[in-house]
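Residue numbers (our numbering): 1 to 402.
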């Protein structure tokens with residue numbers, strides 16, 4: 001097994017980090033790439049506005065999850081070894097822990113060229129170079145070839161080091177230092193993955209002060225994506241575009257449909273305790289069945305959060321509230337979000353095509369098909385059917401127009 005270890009402060013992690021990591025996965029044919037955020041970097045002082053180590057860890061986890069989704073064939077993970085360890089985050093100590101964790105793996109330490117040129121001055125370089133090979137990132141003009149070659153010869157002669165250089169010629173140059181200066185001015189977001197950017201906005205990190213109730217559609221997408229796993233994002237995107245198309249077809253407010261679709265699954269990965277706490281906090285009533293069935297809870301907590309934290313209208317929040325169960329006498333926007341969740345392009349279940357066709361011909365009939373599908377699934381699984389779903393079927397359950 002071949003593992004790449006990528007350390008740094010990741011303050012914040014940006015697209016440059018991800019491009020370098022992806023290049024290393026491909027060039028070294030890594031089985032796994034492990035990001036290792038530093039608690040206290042030994043070579044520099046963290047900026048005063050830096051978030052706590054645990055927050056930088058969370059940001060790095062979002063970036064790694066996004067990279068994992070975009071890089072099939074290799075495992076991308078985050079290791080909290082240095083975050084948990086007190087004191088300066090010396091690479092030699094981390095690699096000794098890595099050797100114990102992966103005793104049979106071929107380890108590679110990933111570094112920028114500046115770090116590569118000074119690694120012999122680090123704490124116990126002999127330990128570092130004994131345990132791991134060095135993979136140095138560079139742009140084509142990053143450092144003169146003679147400097148790199150001289151350092152490579154020196155490390156090989158003194159430490160028997162294994163050295164690989166990876167050029168990333170088209171990488172847009174950006175630094176975390178630049179980003180920390182730009183973010184309070186509302187700039188630099190294009191250099192961050194959407195989930196990382198959304199987390200920063202949502203938690204007001206790095207001097208940002210976005211009004212979460214007045215976010216642009218793009219910023220709202222980022223915030224939503226920061227709250228879910230990367231594998232859920234294609235569904236959210238598909239639901240948004242489908243809801244927008246249905247809104248145009250049936251004369252609904254397209255922006256309201258987009259905002260409801262963007263946030264409809266924002267609490268999908270919460271624990272039951274988080275769902276119940278949010279509903280209690282915002283006065284979102286829950287039935288006995290909803291308190292018992294975790295699958296029903298994210299629609300209620302999501303609606304509460306959408307209205308009270310992200311400023312959606314009561315009508316848009318209601319569309320989120322009933323996107324899982326439907327109900328009788330639904331509003332137009334409720335129908336649109338309910339059906340968009342069913343028929344967005346990533347859905348492949350049996351019966352989805354007739355529902356897609358009906359959605360643009362007879363929206364009520366499509367809702368009836370959705371309710372019938374839910375009832376059949378719940379019956380097959382021996383689950384209690386929500387009364388709202390039964391009411392939706394009784395209200396809309398009729399053959400689709402052909």
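Ideal Cβ positions, reconstructed from N, Cα and C, are used throughout, including at glycine.
Since this is a predicted model, take the numbers as computed values, not measurements.
Across the set 113, 325 and 65, the C-alpha of 325 shows the shortest separation from the C-alpha of residue 393. If you draw a 10 Å sphere on the C-beta of residue 34, you find 16 or more other C-beta atoms in it, and that means buried. Counting along the chain, residue 6 sits inside the beta strand (DSSP E) bounded by residues 2-8. Straight-line spacing of the CA atoms in residue 186 and residue 59 works out to 18 angstroms. Excluding its 5 nearest sequence neighbours in each direction, residue 134 has C-beta neighbours in its own chain below 8 angstroms: 108, 109, 111, 116, 119, 155, 161, 162, 163 and 164, listed in chain order.
Scanning 4, 147 and 309 for the CA closest to the CA of residue 99 turns up 4. Counting other Cβ atoms within 10 Å of its Cβ, residue 288 stays below 16 and is therefore classed as exposed. Distances from the CA of residue 301 to each of 286, 225, 315 and 314 were compared; the closest alpha carbon is that of 286. No residue range can be given for residue 385, since it is assigned to no alpha helix (DSSP H) and is classified by DSSP as neither H nor E.
Distance from the CA of residue 181 to the CA of residue 173, rounded to the nearest whole angstrom, comes to 15 angstroms.
Under the 10 Å beta carbon count, residue 269 is surrounded by fewer than 16 other beta carbons and is classified as exposed. Distances from the CA of residue 371 to each of 201, 11, 218 and 322 were compared; the closest alpha carbon is that of 322. Put simply, of 319, 206 and 282 the residue whose alpha carbon is nearest the alpha carbon of residue 177 is 206.
The distance from the Cβ of residue 21 to that of residue 6 is about 6 angstroms, consistent with a contact at the 8 angstroms cut-off.
Within the region 82-112, complete beta strand (DSSP E) segments of at least 3 residues are found at 106-112, given in chain order. Inclusion of residue 332 and residue 252 in the CB contact set at 8 angstroms is warranted, their separation being smaller than that value.
Annotation: residue 138 to residue 114 spans about 9 angstroms, alpha carbon to alpha carbon. Annotated three-state conformation of residue 286 is coil, per DSSP.
DSSP places residue 243 in the helix class (H, G or I) of the three-state scheme. Taking one beta carbon from each stretch, the region 353-362 and the region 290-297 have fewer than 3 pairs nearer than 8 angstroms; the two do not touch. The criterion of a C-beta distance shorter than 8 angstroms is satisfied by residue 215 and residue 310. The straight-line gap separating the alpha-carbon atoms of residue 271 and residue 124 is approximately 43 angstroms.
Taking the CA atoms as reference points, residue 82 sits about 6 angstroms from residue 39.
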